[in-house]
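Residue numbers (the UniProt record's numbering): 1 to 510.
For every residue, glycine included, the Cβ atom is placed at its ideal position computed from N, Cα and C.
This structure is a prediction, so every number in the text was calculated from the model and none was measured.
For reference, the structure discussed in these notes is given below.
This is how it looks when you write it as structure tokens:
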């Protein structure tokens, strides 16, 4: 069996052992609770934007930054956060990130002007970028048995999906019942409780042999490249995808990321060992994840526009309308673990993505004068269940099989791919929808409101069709490039605390 190219040549040292009697399921509850509020804050602010605008008198550009500051810093710093977990300890980074996130939530809630609120949101994103890869790394190093790890990842997947979807509902409820400040204040008691418990319950783990020096050049280029890439994609629709600003900033982002790859290939202690991508399961799962997150970019964005534009729903009603979708993802994630035991990770991934594509295909027939119960919900349910089913095995494949020394890195790569995939997918599908709307509308000045709505819904249908293609591409990549022998080594239970390298091309027994 060939040694893994991703393996660290230094002798492995066992990870820190956990104190006797520590309940790893309590650890799971704590870290997923932290992940819940991080996921929640990605969407909770959307419904509160009108109230924030009235209270602080913010411009439209300022309001966009309330949303974008979080996404920008979160997406840009995930990879760095994942590597710092491996170098300095997963619990240490988890606690540090949660402290930053909780303090930033207080700053955001107390904000009295646009600048303070935007800074608070950016700091929330930074805290989330430290917490999220630490959560996955802690799960992977705490749950050594593959079956238990799959079950734990099912819980994690349900919580992440629930946080994102429930953010719309919770944002509406808190803003309506109290004020927009409470969408941030609600994080404070949760963060405090998790912090106090984490110090006592979560064990520390890190690569004791690692060189603690940070690859500064690699960290600067990859973080700068990712931040600039997310910034360009977030604003590309408004600027125009062929505008000089979009093309220039996009080119600079690509150059920075190319410089990062060059630096990592020549640095003795790189921030990211490029050979990690020679682990077939990780590479293919991350590729499938790009298609999955790109495809589902349509689910919330265009469905929300349809609910409010065509069906006349209020933001709060729109949030309530997504509750079945949130429950569907949680149901799918719960079903995934027993399905994986019976059918295997590869087949369950393909089934989940195909079921999601089937639900998305139903949405390509949205009528102008449709209804939620007959035209939207029958598509959202199989779409959300399929996504929940697929997320769990993809997460397992993308974050398992590396040495413990690379656990945080694998988690950071996974979540960076997730963020970038969603941003790229939304950019592509929004451009397709806009182009279709423009073609149907003809002269906007001569169109009446009914014609404008018809053109807009035609654009939605094209975007959903693009989502179908992307989800099917994810299923195809998984089916074509993964075999059971590639997954076999991941299913072998390692010794507790082992930091053994995983084979790049595992060979199935027998």
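Round the Cβ separation of residue 463 and residue 432 to the nearest angstrom and send it over; I've been treating them as touching at under 8 Å.
-> Indexing the chain shown from 1 puts residue 463 at position 463. Indexing the chain shown from 1 puts residue 432 at position 432. With a Cβ gap of about 6 Å, residue 463 and residue 432 count as contacting.
Could you tell me if the beta carbon of residue 95 falls within a distance shorter than 8 Å of some heavy atom in the ligand FAD?
-> The model depicted lacks the ligand FAD and carries no ligand whatsoever.
Pick helix, strand or coil for residue 214, following the three-state DSSP scheme.
-> Translated into the one-based positions of the chain shown, residue 214 becomes position 214. The answer is coil: DSSP assigns residue 214 none of H, G, I, E or B.
Report, in whole angstroms, the separation of the C-beta atoms of residue 474 and residue 292, which I expect to be a contact under 8 Å.
-> Residue mapping note: residue 474 aligns to position 474 of the chain shown, counting from 1. Residue mapping note: residue 292 aligns to position 292 of the chain shown, counting from 1. Indeed, because the Cβ distance is near 5 Å, the residues count as touching under 8 Å.
At which residue ranges does the segment 355-413 contain complete alpha helix (DSSP H) runs of 4 or more residues, listed in the order of the chain?
-> Every alpha helix (DSSP H) stretch that sits fully inside the segment 355-413 and reaches 4 residues is listed by chain position as 377-399.
How is residue 235 classed by DSSP in three states: helix, strand or coil?
-> The count along the chain shown starts at 1 and reaches residue 235 at position 235. Helix.
Smallest Cα separation from residue 43: which of 319, 103 and 120?
-> Along the chain shown, read from residue 1 onward, the residue named residue 43 stands at position 43. Residue 43 has its Cα closest to that of 319, out of 319, 103 and 120.
For residue 297, which residues from the same chain have a beta carbon less than 7 Å from its beta carbon, with the 5 sequence-adjacent residues on both sides left out?
-> For the purposes of this step, residue 297 is taken as the residue at position 297 of the chain shown. Around residue 297, the same chain offers 422, 425, 426 and 429 as residues with beta carbons nearer than 7 Å, after the five sequence neighbours per side are excluded.
What residue does the alpha helix (DSSP H) around residue 269 start on, and which one ends it?
-> Here residue 269 refers to the residue found at position 269 when the chain shown is read from its first residue. Unbroken run through residue 269: none, as it is neither H nor E.
When you compare each of 38, 67, 479 and 110 to residue 55 by their alpha carbons, which one comes out closest?
-> In the chain shown, residue 55 corresponds to position 55, counting from 1. Out of 38, 67, 479 and 110, 110 has the C-alpha closest to the C-alpha of residue 55.
Straight-line CA distance for residue 458 to residue 435?
-> Your numbering for residue 458 matches position 458 in the chain shown. Your numbering for residue 435 matches position 435 in the chain shown. As the crow flies, the alpha-carbon of residue 458 is around 10 Å from that of residue 435.
Taking the alpha carbon of residue 183 as the point to measure from, which residue in 40, 89, 97 and 198 has its own alpha carbon closest?
-> As a first step, residue 183 must be located in the chain shown, where it is residue number 183. Distance check between residue 183 and each of 40, 89, 97 and 198 places 40 closest, using alpha-carbon atoms only.
The segment 294-311 contacting the segment 149-160, beta-carbon criterion three pairs below 8 Å | Verdict: no, contact absent.
Using the rule of at least 16 other Cβ atoms within 10 Å of the residue's Cβ for burial, across every protein chain shown, is residue 21 buried or exposed?
-> Looking up residue 21 in the chain shown gives position 21. Its pLDDT being 35, under 50, residue 21 is placed unreliably by the model, and the measurement read from it follows with that caveat. Around the beta carbon of residue 21, fewer than 16 other beta carbons lie within 10 angstroms, which makes this residue exposed.
Would residue 133 be called buried (16 or more neighbouring beta carbons within 10 Å of its own) or exposed?
-> On the chain shown, residue 133 is found 133 positions in, with the first residue counted as 1. When all chains shown are included, residue 133 counts as buried.
Please state whether DSSP places residue 144 in a helix, a strand or coil.
-> For this step, residue 144 is matched to residue 144 along the chain shown. Residue 144 falls in the coil class under three-state DSSP.
Between 338, 359, 349 and 84, which lies nearest to residue 135 when the distance is taken from Cα to Cα?
-> The residue you call residue 135 lines up with position 135 of the chain shown. For residue 135, the nearest C-alpha among the options comes from 84.
Would you give the residue range spanned by the alpha helix (DSSP H) that residue 25 belongs to?
-> Against the chain shown, residue 25 aligns to sequence position 25. Its alpha helix (DSSP H) spans residues 24-56.
Inter-residue spacing [alpha-carbon to alpha-carbon] between residue 437 and residue 304 | Sequence index remark: in the chain shown, residue 437 carries index 437 (1-based). Sequence index remark: in the chain shown, residue 304 carries index 304 (1-based). For residue 437 and residue 304, the distance between alpha carbons rounds to 17 Å.
Residue 512 to residue 131 span [Cα, whole Å] | Any question about residue 512 goes unanswered here, given that the chain covers just 1 to 510.
Residue interval of the alpha helix (DSSP H) (run including residue 451) = Working through the chain shown from its first residue, we reach residue 451 at position 451. Unbroken alpha helix (DSSP H) run through residue 451: 449-481.
Thinking C-alpha only, which one of 35, 64 and 57 is nearest residue 45?
-> For the purposes of this step, residue 45 is taken as residue 45 along the chain shown, with counting starting at 1. Distances from the alpha-carbon of residue 45 to those of 35, 64 and 57 put 64 closest.
Does the beta-carbon of residue 419 have 16 or more other beta-carbons within 10 angstroms, so that it is buried, or is it exposed?
-> To locate residue 419, count along the chain shown from 1; it is residue 419. By the 10 Å Cβ count, residue 419 comes out buried.
At 4 residues or longer, and completely inside the segment 144-203: list those alpha helix (DSSP H) runs for me, N to C.
-> Annotation: the segment 144-203 contains the following complete segments of the alpha helix (DSSP H) (minimum length 4 residues), in chain order: 146-177, 182-185 and 187-201.
What separation, rounded to the nearest whole angstrom, lies between the Cα atoms of residue 254 and residue 225?
-> Along the chain shown, read from residue 1 onward, the residue named residue 254 stands at position 254. Along the chain shown, read from residue 1 onward, the residue named residue 225 stands at position 225. Using only the alpha carbons, I get a separation of about 7 Å.
Could you tell me the distance, in whole angstroms, from the CA atom of residue 181 to the CA atom of residue 126?
-> Here residue 181 is taken as the residue at index 181 of the chain shown, counted from 1. Here residue 126 is taken as the residue at index 126 of the chain shown, counted from 1. C-alpha of residue 181 to C-alpha of residue 126: approximately 20 Å in a straight line.
So which of 179, 173, 68 and 105 has the shortest CA-CA distance to residue 51?
-> On the chain shown, residue 51 is found 51 positions in, with the first residue counted as 1. Checking every option, the nearest Cα to that of residue 51 belongs to 179.
Drop a sphere of 10 angstroms on the beta-carbon of residue 93, count the other beta-carbons inside from all chains shown, and report buried for 16 or more, exposed for fewer.
-> As a first step, residue 93 is located in the chain shown; it is residue number 93 there, counting from the start. Burial call: buried.
Does the pairing of the segment 386-398 with the segment 254-273 give three or more beta-carbon distances under 8 Å?
-> Taking a contact to require three or more Cβ pairs closer than 8 Å, the segment 386-398 and the segment 254-273 do not qualify as touching.
What number of angstroms, rounded off, separates the C-alpha of residue 28 from the C-alpha of residue 362?
-> In the chain shown, counting from the first residue as 1, residue 28 sits at position 28. In the chain shown, counting from the first residue as 1, residue 362 sits at position 362. Residue 28 and residue 362: Cα-Cα distance of roughly 36 Å.
Collapsed DSSP secondary structure at residue 241 in the structure displayed = Position 241 of the chain shown holds residue 241. Correct three-state label for residue 241: coil.
Would DSSP call residue 311 helix, strand or coil?
-> Residue mapping note: residue 311 aligns to position 311 of the chain shown, counting from 1. The answer is coil: DSSP assigns residue 311 none of H, G, I, E or B.
Taking the C-alpha atoms as reference points, what is the distance between residue 478 and residue 49?
-> Taking the first residue of the chain shown as 1, we reach residue 478 at position 478. Taking the first residue of the chain shown as 1, we reach residue 49 at position 49. When rounded, the distance between both Cα atoms is 39 Å.
Close Cβ partners of residue 280 (< 6 Å) along its chain, the five nearest in sequence each way excluded = The residue you call residue 280 lines up with position 280 of the chain shown. Listed in chain order, the non-local C-beta contacts of residue 280 below 6 Å within the same chain comprise 486, local neighbours out to five positions each way being set aside.
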